[in-house]
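Accompanying notes for the structure given below.
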């Protein structure tokens, strides 16, 4: 009977060790399944997101406004009866000065005003355009961040499932040891508690996954219950990153900088337009007077032509307009400096965070997880020979589980930092050439 019990204990111990070997390993390198297209999800969001559609409509509205800018006001048509006698209100042949008059007038702004109005409108179109591009970049960053969080949760769920399988085997092992008098009841209870804690974590991760799924669907303007099942591997993306080169890319591609440049150009054009407002506009008038013969006169037709000007005497208002445009120029310049400073800071922070996450991920993959796996196997072997207690086994298993999750979290953090860095520079990060 004793031989049979020892055989059962040894068999269960071997099963648990085999389970450990299959359950451990670097989860971040699991590339099973065809990876979904993150690019397709981003393209779908860029096409369907309501906020982007609103921005596109706003841009289209400014484009139409630009088509109107600088156009002349409609000419005025004038019709009147001139110099009629009160005693004969409808008779045009009683007085030589009586006439039927038709006239047109056209106001023309001072030279250069219309060009400046068109320039202001064109720069407003550019501002709206780059605002749209900036929103696209931010939306892309949000999608990537949500995507990598979702991958992290999925990998965590895989590890939790494997951990629960191992804990079930440990629970059976503790019960077997207890039944043959080699274990304690508290070992059985301890295994059950660890198993319940793992189940609690699985429930929590499931809820987190649901929230991330809803967020990703919201960004794509899809129903909240649309399933998202990414199977892409969660791996480090190796890039050759240089701070100076990244700053050059940001200066060339970041939409926010182009938006500010357009705002400054618009303000300069507005300043020039305000200065030209000190000069009068001109209104051209042409009238034709048709007369009837009267009082022995032949009643020859007549015409008149004239120019009229507005008097720009409200100097204080015009000085305020110039000052307003000057303030807008200074504001744009300050915003440019502030944005450049934020870009430099964002690049430096992202590079530091990327380096930290990369080194942590490699440390977990190459050192911590293999060492924790070896420690767990050694503890299991010692427990089987009676040289270690069961709590030590649970502690080693919990440590390995924690290190595996920390390892994939470092990989996910690295990928999210890459997405943040791409948003900072406004372009896709340059990938190193592949070796053929």
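In this note's numbering, the protein residues as written are 103 to 538.
Using N, Cα and C, we set each Cβ at its ideal position, and we do this for glycine too.
A quick note: this is a predicted structure, and the numbers were derived from the prediction, not measured.
So residue i and residue j are supposed to be a Cβ contact under 8 Å. How far apart are they, rounded?
| i | j | result |
| --- | --- | --- |
| residue 321 | residue 248 | 7 Å |
| residue 141 | residue 229 | At roughly 28 Å, the Cβ-Cβ gap does not stay under 8 Å, so residue 141 and residue 229 are not in contact. |
| residue 374 | residue 218 | 6 Å |
| residue 341 | residue 495 | Actually they are not in contact, since the Cβ atoms of residue 341 and residue 495 sit about 41 Å apart, beyond 8 Å. |
| residue 481 | residue 490 | 5 Å |
| residue 471 | residue 505 | 5 Å |
| residue 162 | residue 392 | Residue 162 to residue 392, Cβ: 49 Å. No contact. |
| residue 372 | residue 198 | Contact flag wrong, Cβ pair sits at about 53 Å. |
| residue 143 | residue 245 | 6 Å |
| residue 269 | residue 293 | 6 Å |
| residue 154 | residue 238 | 7 Å |
| residue 326 | residue 316 | 5 Å |
| residue 512 | residue 466 | 6 Å |
Name the residue from the options whose alpha carbon lies nearest to the alpha carbon of residue i.
| i | options | result |
| --- | --- | --- |
| residue 256 | 449, 314 and 372 | 314 |
| residue 222 | 477, 328 and 172 | 172 |
| residue 426 | 211, 368 and 486 | 368 |
| residue 209 | 174, 147 and 187 | 174 |
| residue 428 | 370, 448 and 158 | 370 |
| residue 334 | 449, 468 and 514 | 514 |
| residue 463 | 508, 301, 298 and 200 | 508 |
| residue 399 | 511, 160, 146 and 196 | 196 |
| residue 304 | 158, 358, 267 and 531 | 267 |
| residue 297 | 503, 310 and 511 | 503 |
| residue 346 | 445, 402 and 389 | 445 |
| residue 343 | 148, 152, 139 and 531 | 531 |
| residue 488 | 469, 280, 251 and 386 | 280 |
| residue 387 | 402, 403 and 411 | 411 |
| residue 382 | 214, 350 and 310 | 214 |
| residue 403 | 413, 328 and 389 | 389 |
| residue 307 | 295, 350 and 251 | 251 |
| residue 529 | 146, 350 and 413 | 350 |
Going by DSSP, which residues form a beta bridge with residue i?
| i | result |
| --- | --- |
| residue 206 | 179 and 388 |
| residue 405 | 390 |
| residue 411 | 384 |
| residue 546 | Since the displayed the chain opens at 103 and closes at 538, residue 546 lies outside it and no answer follows. |
| residue 149 | DSSP lists no partner for residue 149. |
| residue 399 | 396 |
| residue 201 | 184 |
Measuring CB to CB, does residue i end up less than 7 Å from residue j?
| i | j | result |
| --- | --- | --- |
| residue 203 | residue 184 | yes |
| residue 452 | residue 523 | yes |
| residue 227 | residue 168 | yes |
| residue 332 | residue 253 | yes |
| residue 516 | residue 461 | no |
| residue 456 | residue 519 | yes |
| residue 194 | residue 394 | yes |
| residue 434 | residue 243 | no |
| residue 447 | residue 478 | no |
| residue 330 | residue 318 | yes |
Check whether the region 421–430 and the region 438–448 are in contact - that is, three or more C-beta pairs closer than 8 Å.
Not touching, per the Cβ criterion.
When the Cβ atoms of the region 351–359 are set against those of the region 172–184, are three or more pairs found closer than 8 Å?
The region 351–359 vs the region 172–184: no contact.
Does the structure place the region 225–236 close enough to the region 373–380 that three or more beta carbon pairs sit under 8 Å?
The region 373–380, when compared against the region 225–236, does not touch it at the 8 Å Cβ threshold.
Contact between the region 287–295 and the region 257–276 (3+ Cβ pairs under 8 Å):
As far as the Cβ criterion goes, the region 287–295 touches the region 257–276, which means the pair count is three or higher.
Count the CB pairs spanning the region 256–265 and the region 395–410 that are closer than 8 Å, and state whether there are at least three.
Between the region 256–265 and the region 395–410, the count of Cβ pairs shorter than 8 Å is below three; the stretches do not touch.
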